[in-house]
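What follows is a short report on a single structure.
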Amino acid sequence: MGCGVSKSNLFQKSDSKGSVVSAVTSIKAAVLIQHWYRQYVARMELKRRYTWHIFQSLEYSGEQAQIKLYNFLGYLMDNFTPSSNERNLISHFFRENEVCRDSEWERFFDYKNIDVPEIYSGPHLTFPLTLEQGSGLVDAFRNKRQLHSRYVLQLLLDTWRLLRKFPNISRVSTCQSKEITICGDLHGQLEDLLLIFYKNGMPSHERPYVFNGDFVDRGDNSIEVLLILFSFLLLYPNDVHLNRGNHEDHIVNLRYGFTKEVLTKYKMHGKRILKLLQKIFSWLPLATVIDQKVLVLHGGISDTTDLSVLARVDRHKYVSALRPPKKRHPSTANVSVDYEEEVWSSGRRRSSVALPRPLTRGTFQNTSLPDFSDRVRPPVGGAAERRGRLALQGALLGGSQQALGAAAGTGPSQDSGESSDHSEDEWKQILDLLWSDPMTQDGCVPNEVRGGGCYWGPDVTDDFLSRHNMTLIIRSHECKQEGYEFCHNRKVLTLFSASNYYDVASNRGAYVKLGPDLVPYLIQYQASSKTRELTVRQRVGQTEHSALRVLRKQLFSHKSDLISAFQDLDKENTGLVSLKDWAEAVEGVMHLGLPWRMLRSQLISRRASDGAVDYRQWFTELAIQEPNMEHIEKGLLEMLYRHRSTLETIFRIVDTDNSGVINMEDFRQTWKLLSIYLKMEFTEEAISDLAVAIDTNGDGCIDIQEFMEAFRLSDKKSRLERGRSMFMGTAHDLQRPETVDPDL
Numbered sequence: 000m001g002c003g004v005s006k007s008n009l010f011q012k013s014d015s016k017g018s019v020v021s022a023v024t025s026i027k028a029a030v031l032i033q034h035w036y037r038q039y040v041a042r043m044e045l046k047r048r049y050t051w052h053i054f055q056s057l058e059y060s061g062e063q064a065q066i067k068l069y070n071f072l073g074y075l076m077d078n079f080t081p082s083s084n085e086r087n088l089i090s091h092f093f094r095e096n097e098v099c100r101d102s103e104w105e106r107f108f109d110y111k112n113i114d115v116p117e118i119y120s121g122p123h124l125t126f127p128l129t130l131e132q133g134s135g136l137v138d139a140f141r142n143k144r145q146l147h148s149r150y151v152l153q154l155l156l157d158t159w160r161l162l163r164k165f166p167n168i169s170r171v172s173t174c175q176s177k178e179i180t181i182c183g184d185l186h187g188q189l190e191d192l193l194l195i196f197y198k199n200g201m202p203s204h205e206r207p208y209v210f211n212g213d214f215v216d217r218g219d220n221s222i223e224v225l226l227i228l229f230s231f232l233l234l235y236p237n238d239v240h241l242n243r244g245n246h247e248d249h250i251v252n253l254r255y256g257f258t259k260e261v262l263t264k265y266k267m268h269g270k271r272i273l274k275l276l277q278k279i280f281s282w283l284p285l286a287t288v289i290d291q292k293v294l295v296l297h298g299g300i301s302d303t304t305d306l307s308v309l310a311r312v313d314r315h316k317y318v319s320a321l322r323p324p325k326k327r328h329p330s331t332a333n334v335s336v337d338y339e340e341e342v343w344s345s346g347r348r349r350s351s352v353a354l355p356r357p358l359t360r361g362t363f364q365n366t367s368l369p370d371f372s373d374r375v376r377p378p379v380g381g382a383a384e385r386r387g388r389l390a391l392q393g394a395l396l397g398g399s400q401q402a403l404g405a406a407a408g409t410g411p412s413q414d415s416g417e418s419s420d421h422s423e424d425e426w427k428q429i430l431d432l433l434w435s436d437p438m439t440q441d442g443c444v445p446n447e448v449r450g451g452g453c454y455w456g457p458d459v460t461d462d463f464l465s466r467h468n469m470t471l472i473i474r475s476h477e478c479k480q481e482g483y484e485f486c487h488n489r490k491v492l493t494l495f496s497a498s499n500y501y502d503v504a505s506n507r508g509a510y511v512k513l514g515p516d517l518v519p520y521l522i523q524y525q526a527s528s529k530t531r532e533l534t535v536r537q538r539v540g541q542t543e544h545s546a547l548r549v550l551r552k553q554l555f556s557h558k559s560d561l562i563s564a565f566q567d568l569d570k571e572n573t574g575l576v577s578l579k580d581w582a583e584a585v586e587g588v589m590h591l592g593l594p595w596r597m598l599r600s601q602l603i604s605r606r607a608s609d610g611a612v613d614y615r616q617w618f619t620e621l622a623i624q625e626p627n628m629e630h631i632e633k634g635l636l637e638m639l640y641r642h643r644s645t646l647e648t649i650f651r652i653v654d655t656d657n658s659g660v661i662n663m664e665d666f667r668q669t670w671k672l673l674s675i676y677l678k679m680e681f682t683e684e685a686i687s688d689l690a691v692a693i694d695t696n697g698d699g700c701i702d703i704q705e706f707m708e709a710f711r712l713s714d715k716k717s718r719l720e721r722g723r724s725m726f727m728g729t730a731h732d733l734q735r736p737e738t739v740d741p742d743l
């Protein structure tokens, strides 16, 4: 026998070496794929975050604008004489607390004189409602049928009567139903409500619900969502609980679409419906407590929130939570001045809405909404009135308590009474409850991002829960990408039920179920089957595409300010600025807090060889189509683009009869108000040219809807519009899917 190696042994060694090489190659390939995938996921997450930041920055900027406009109008009301044209123009807007008996209001809202024609094919209601009628109403709205205004008023009137019997804080127990479902913001998105009912079941004795505010605005079916919720409230008053949100406010509704929706769908009786809804909103409960351990409220808390105070508030006085209580001082000899309370206290926590500090440029860093105070020149009468007005103006601008006392004709030592102090405290409690947001840091500071309420930290949550012997706060008010988010060591749960809120695929919706153990069981969804079919890449691309489109419009509407900022940096007039200067200039004008340097690849297609930005070419690449208004002053057109929502809000305030049409004189007065607010001069000639351009039929009236549509910006089919980002899906992938679930 020799000692050589047989062929079989050689083959075994060869196979062994081949297996090792193959295994090493496989491992390297796996590591490489894993590395690539991690980078891919990181890029998707990064893009998702900055896209989300764009949407939220623009949303909160709009809320700032709304509150600043309301501050401005309130300032005119408080500082102009009753005979002034400006004050007369907006006085009806502030008559929210009319002194009138409930019986008189019920006669005003009477529906009996409204006939239902035979051709009406929508649902018919009889009262008291039956379960079949409630379910039929859901089916009718699912099939795009509209409820007749007679039935709308009748249903709303019964709801108003019922809500007046409810306490400020609803108390709910799991001992009978074993499980309670809580829903967050719906914002007029009927498909989300229908999907919740499909997945979880209709409200009943065995299936109670808490709906946590913001039922209206932004979506297209706010009135339908309200009518469904109110019908089930009438059917199950002990099992359906509705908390008030910050959008259950007629002032907010003017800007965010609900007022327009009601007047469009109910042209003849829309005014009465809106007025009745103002009353209903003011009577909605403020919070719900489950098993004495879980607090459900819309916005949040502050370091002064006290449930015992909220429980005894006369809640219906606050038709709008944005306007603080007013006091009349009988001690004044020659002048009686109503004024808004000074709400800035000296502690570490200060309220942050509607009064002196939010009026300054320093608080709201938004150059599109400049400080208006130095332009207001209220007419004055005698010496006493002049002193009162000047002192009041000083109080508004400087926030001085002594100045407020002087405006009212009282010294700092005079007390306005215990009841007035209670009213101020109550208002701040309601304001915080509806508008506040949690933050990661300890403490409690003004919410200057929204312009209302406060930011509160984990220490405030711990203190509140300890004082009230509770374990969890469930709130809404903020859109979350997954439909929910825990914070403050899982002691605060944010819940948002409007899926696809910013755009299709932008976020999921969620609701939560609580059993006797009070452990949250969360259910997520998206009310669009096509959205659920998209890949992660397509979803991110769809949302990014939409966010960049909106952002480009915002940038284009600030074109003059941006060019001026770039020219200040471009001393030699080369048309070029460095990327760093470009990013700082854009943020200096827009004040959105966005990562502009990261966004430059999505906003700028070409740069110079040295990395500089050609800002003149950049505005061409923004690719916004302007309306053909060559004879209208360019500065006026740009102002219209930028302040379109604010202008529409003023129009609807001036439109006292809610007809959707204003005459030429009111049109001119609207522009005078706007010129004071924006610190801009509009010539009579420019305003007349604008009126002639819009009044195409020559009837001497301006149709608000036609006016706003005439100045809508639209994107061109540019390379950026088609989605030049390497991470976005194809143009076919980015087609907007239908937002209807076939299961519904």
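Residue numbers (numbering that gives the first Met the number 0): 0 to 743.
Yeah, the Cβ is synthetic: ideal placement off N, Cα and C, and Gly gets one too.
Item	Value
Neighbour-count burial assignment, residue 267, 16 or more Cβ in a 10 Å radius	exposed
Contacts around residue 523, its chain only, beta-carbon distance under 8 Å, and the 5 residues preceding and following it disregarded	481, 482, 483, 507, 508, 509
Top-ranked residue by Cα proximity to residue 305, from 467, 573, 212, 90	467
One or two residues paired with residue 35 in a DSSP bridge	Bridge partners of residue 35: none, in fact.
The stretch 181-198 / the stretch 273-285 touching (three or more Cβ pairs under 8 Å)	no
Coarse secondary structure for residue 444, derived from DSSP in three states	strand
Contacts around residue 704, its chain only, beta-carbon distance under 7 Å, and the 5 residues preceding and following it disregarded	659
Length of the line joining the Cα atoms of residue 497 and residue 256	16 Å
Selected residue, minimal CA-CA separation from residue 200, among 216, 231, 312	231
Environment of residue 177 [buried if 16+ CB atoms lie within 10 Å]	exposed
Close-in-space but distant-in-sequence residues of the same chain around residue 463 (CB under 7 Å, 5 per side omitted)	300, 304
Which of helix, strand or coil DSSP assigns to residue 18	helix
Span separating the alpha-carbon of residue 389 from that of residue 290	Because residue 389 sits at a pLDDT of 37, beneath the cut-off of 50, its placement in the model cannot be relied upon, and the point is left open.
Rounded straight-line distance, which links the Cα of residue 216 to that of residue 258	8 Å
Rounded C-alpha distance that separates residue 45 from residue 431	32 Å
Straight-line gap, residue 465 to residue 456 (C-alpha atoms, nearest Å)	15 Å
As assigned by DSSP and simplified to three states, the class of residue 433	helix
Exposure label - residue 327; buried when at least 16 CB within 10 Å	Because residue 327 sits at a pLDDT of 45, beneath the cut-off of 50, its placement in the model cannot be relied upon, and the following sentence gives the value as read from the coordinates. Exposed, by the Cβ-count rule.
Between the CA atoms of residue 500 and residue 614 - distance to the nearest angstrom	33 Å
Residue 60 classed as buried or exposed, judged by whether at least 16 other C-beta atoms fall within 10 angstroms	buried
Start and end residues, beta strand (DSSP E) containing residue 474	471-474
Closest by C-alpha distance to residue 175, when choosing among 513, 576, 581	513
Residue 597 versus residue 579: straight-line alpha-carbon distance, rounded	11 Å
Straight-line Cα distance separating residue 521 from residue 395	Confidence in residue 395 is poor, its pLDDT being 34 and thus under 50, which makes the residue's placement too unreliable to answer from.
Short Cβ contact (8 Å threshold) for residue 693 with residue 706	yes
Contact the stretch 207-227 vs the stretch 237-252: 3+ CB pairs below 8 Å	yes
DSSP three-state assignment for residue 291, whether helix, strand or coil	coil
Beta-bridge pairing of residue 455 - partner residues as DSSP gives them	437, 443
Within 8 Å, strictly: CB atoms of residue 136 and residue 272	no
Sub-8 Å separation of residue 472 and residue 253 beta-carbons	no
Meets three-Cβ-pair contact criterion under 8 Å: the stretch 217-231 and the stretch 123-135	yes
Backbone CA spacing between residue 19 and residue 35 [nearest angstrom]	24 Å
Buried versus exposed call for residue 440 [16 or more other C-beta atoms within 10 Å across all chains shown]	exposed
Identity of the residue in 74, 421, 124 nearest residue 322 by Cα	74
Span of the alpha helix (DSSP H), counted from its first residue to its last, around residue 560	558-568
For residue 701: DSSP bridge partner residues	661
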